[in-house]
Structure formats: C-alpha cells, structure tokens
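Peer 1: Using the numbering used here, you'd call the opening residue of the sequence shown number 3 and step up by one each time. Idealized CB from N, CA, C, for every residue including glycine.
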Amino acid sequence: MTMQTSHEVAIKKPPTTPSTSLENLTNIIDDALKNQHFSMVYQPLFSMQSSKLTGFEALVRCQSPQFGFISPDKFIPHAERNGQIIELGDWIFKQVLLDLKRYLQYGLKDITVSINVSAVQIAETNVFEQIMSLVDKLEIPTRCIKLELTETALIKNPQIIAKVFNAFQQEGIQVWVDDFGTGFASLSLLREFKINGLKIDKSFVDGIATCNEDFTLCSAIIAMAQRLGMHIVAEGIENEIQLQILNQLGCDTAQGYLLGRPVSIDENLSRWGHS
Ligand code: C2E
Ligand code: CA
Ligand code: CA
3 MTMQTSHEVA IKKPPTTPST SLENLTNIID DALKNQHFSM VYQPLFSMQS SKLTGFEALV
63 RCQSPQFGFI SPDKFIPHAE RNGQIIELGD WIFKQVLLDL KRYLQYGLKD ITVSINVSAV
123 QIAETNVFEQ IMSLVDKLEI PTRCIKLELT ETALIKNPQI IAKVFNAFQQ EGIQVWVDDF
183 GTGFASLSLL REFKINGLKI DKSFVDGIAT CNEDFTLCSA IIAMAQRLGM HIVAEGIENE
243 IQLQILNQLG CDTAQGYLLG RPVSIDENLS RWGHS
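1) How big is the Cα-Cα spacing for G258 and G183?
2) Do you know how far the Cα of A225 is from the Cα of L61?
3) Grab the span of the beta strand (DSSP E) containing D254 for me, first residue to last.
4) With contact counted as at least three CB pairs below 8 Å, one residue from each stretch, are the region 91 to 107 and the region 116 to 123 in contact?
5) Evaluate the contact criterion for the region 106 to 113 versus the region 74 to 87: three or more CB pairs, one atom per stretch, below 8 Å.
6) So the beta strand (DSSP E) F116 belongs to, where does it begin and stop?
7) If distances are taken between C-alpha atoms only, which option among V177, A164, T127 comes closest to R145?
8) Ligand 2: which residues have Cβ under 6 Å from any of its heavy atoms, chain order?
9) What span of residues does the alpha helix (DSSP H) with C220 cover, start to end?
10) Would you call Q172 buried or exposed, if buried means 16 or more other Cβ atoms sit within 10 Å of its Cβ?
11) Please determine, among R193, I239, R263, T28, the residue with the shortest C-alpha to C-alpha distance to F69.
12) Please say whether T127 and G57 have beta carbons closer to each other than 7 Å?
13) Going by DSSP, name the residue or residues bridged to F182.
14) Leaving aside the five residues before and after D181 along the sequence, list all residues of the same chain whose C-beta is less than 6 Å from its C-beta, in chain order.
15) Rounding to the nearest angstrom, what Cα-Cα distance links K201 and F130 in this structure?
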C-alpha cells in the first residue's frame, strides 16, 4: 500500500515545568477553564485500503501561561479524580461539535470525529442528553460522531456504560473501545456491549515489527474483531514497516505520527478542506 507520509516536522513541545505539583494542577485546570487555556487538536485517520482520510481524533491540549504545555496524560487523570473532568468534558464536547460542524461546512462531508469520553462523565453526568442536545442544535449528522472509551474504564462500570452506549448507538453514534489490549476485557463483555470498533493500543503497534508476542497479539485482535464484525484502528503508527504489517493483517484504519500529527482545525482545513 502506498500512503502519503506526513511532511510535518517534529513538533517541539514547550518544556513542561516540573513544579506542576498535584495541588497546583487543580488550580491550573481551574484557571485554564476560566481563561481558555484549553484547546483542541485533531489527528487524522486513514483508510488502509484506499489511503483516504476517514476522519480525526479530537485531543485536548492545555497551554498554561505560567507552566507551559501540560500533557493530557497528566491533567486528564487528575481531572477525573477530582471531578473537574465534568466541566472540562462539557467544554470538550461543545468545542469538538462546533469544530465538526466547521469540518462539514468545509466540504469534509464523509469524515467522522472521535471524541474521548471519560468513565466519570458517563457515571456522573447525562452525557447522552448533553451530546444529543448539541447534535440537534448544530444539526450534525450522528453518523459523523464516534465516542472512545478506554478498555479499563469499560470494565469498571459495565452496566451503566452498556446502557449509555446502547442509547448512543440507537441514535447512530458509534462507540469504540480505546487502548484495546491493555485492560483485560473479556470477549463476552465485548459481545454484550455491541461495540462498533476497537483501537489497538500503541504499545502493541510499537513492537509489531520487532517482538513476536506483539505481532501475535495484534494479529489475534484483528482476526477476532473481524469475526465479531467490529472495525479496527491501529494507533501510534510511526514507521512504514508497522503500517505494512498492519495492512497485511487486515487492519481497517491507520493513525499515527507517520501519517499525521494532531494539529489545529485550521491546519487540518487548509490541508484537507475542499472549500
Ligand atoms: P489516547 O486517547 O490513546 O490518544 C492517543 C495519544 O497518542 C495522543 O496523545 C496522541 O497524540 C498520541 N499519538 C498518536 N499517534 C502517535 C504516534 O505515532 N506516536 C506517539 N508517540 N504518540 C502518538 P495525547 O494527545 O497526549 O493524549 C494522551 C491521552 O490523554 C489520550 O490517549 C487520552 O487518554 C487522553 N485525552 C486526550 N484528549 C482527551 C480528551 O479530549 N478527553 C479525554 N477524556 N481524554 C483525552
Ligand atoms: Ca483515544
Ligand atoms: Ca488510545
């Protein structure tokens, strides 16, 4: 398969200041919510078969004037622990759906945008009504929306999550399991959830060309997903060999720095937009 590789130069992340201690982090998140230090970036996803752009994953960024760039790997788990994820998640939904409306207006009619949802949001807020009221207000086709929940989160609260997922699917919104392979979800749980797709965790993709176990796991996950009628995205693809192997194994969709880094909606529109 030939796929155009990204010509973007490696993005230099501003240094993260080590003094962002936990109590600080709560204040930083509060401050960021009040003063709009959060923004969204979008990483492209491509069909393995056609090499065409299929959509984007929405990823949140925090740029504190005082502490510089703070990784979501750091502030998302913190915000989940202290409940700030509710307000942050609310902002993320609004921003992403407004941006999705813009992508559609720029002629990217067939794309989907994947939104990461936290288990806390599902357990403690009415994510279904929240998203559906935005979808109605903005007149967004539900087929353009995918929700991602990590495998670990799925296992923690299966009953509530199954109910919410079902409601979304009835409306045509897809639900996906993120970081698949890291959380020990049973196969029967997957069947019960009627998941639309799985994202193979980057840690397996990393070793696919060099580690027998990772190769075996990836091929087993892909074969299983195919049998269960689920789609598969491989994330974190950084080189051509990984891409080729995943393509040969029958993986549907590719995501990773090799193909495109997460960038702002404006950058994506100037690269992929039609009008
Ligand atoms: P994730 O959902 O698994 O997102 C994929 C992460 O892998 C992103 O990191 C992305 O930038 C990174 N990535 C993609 N391709 C490559 C690659 O080829 N190489 C490498 N080294 N990394 C790659 P990011 O944006 O730092 O996000 C980290 C995690 O923070 C996400 O992992 C997700 O769990 C969480 N997160 C990010 N944005 C949101 C959000 O809007 N809501 C929620 N609830 N969580 C989010
Ligand atoms: Ca994700
Ligand atoms: Ca992931």
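Peer 2: Here's the rundown:
1) 18 Å
2) 28 Å
3) From DSSP, D254 is part of no beta strand (DSSP E); its letter is neither H nor E.
4) yes
5) no
6) Here the sequence assigns Ser to residue 116, which means Phe is not the residue at that position. Here the beta strand (DSSP E) through S116 covers 114 to 118.
7) V177
8) E59, N118, E150, D180
9) DSSP places C220 in the uninterrupted alpha helix (DSSP H) bounded by 214 to 229.
10) In the assembly as shown, Q172 is an exposed residue. Its beta-carbon has fewer than 16 other beta-carbons within 10 Å.
11) T28
12) no
13) Per DSSP, I202.
14) T152, E153, D203
15) Using only the alpha carbons, I get a separation of about 22 Å.
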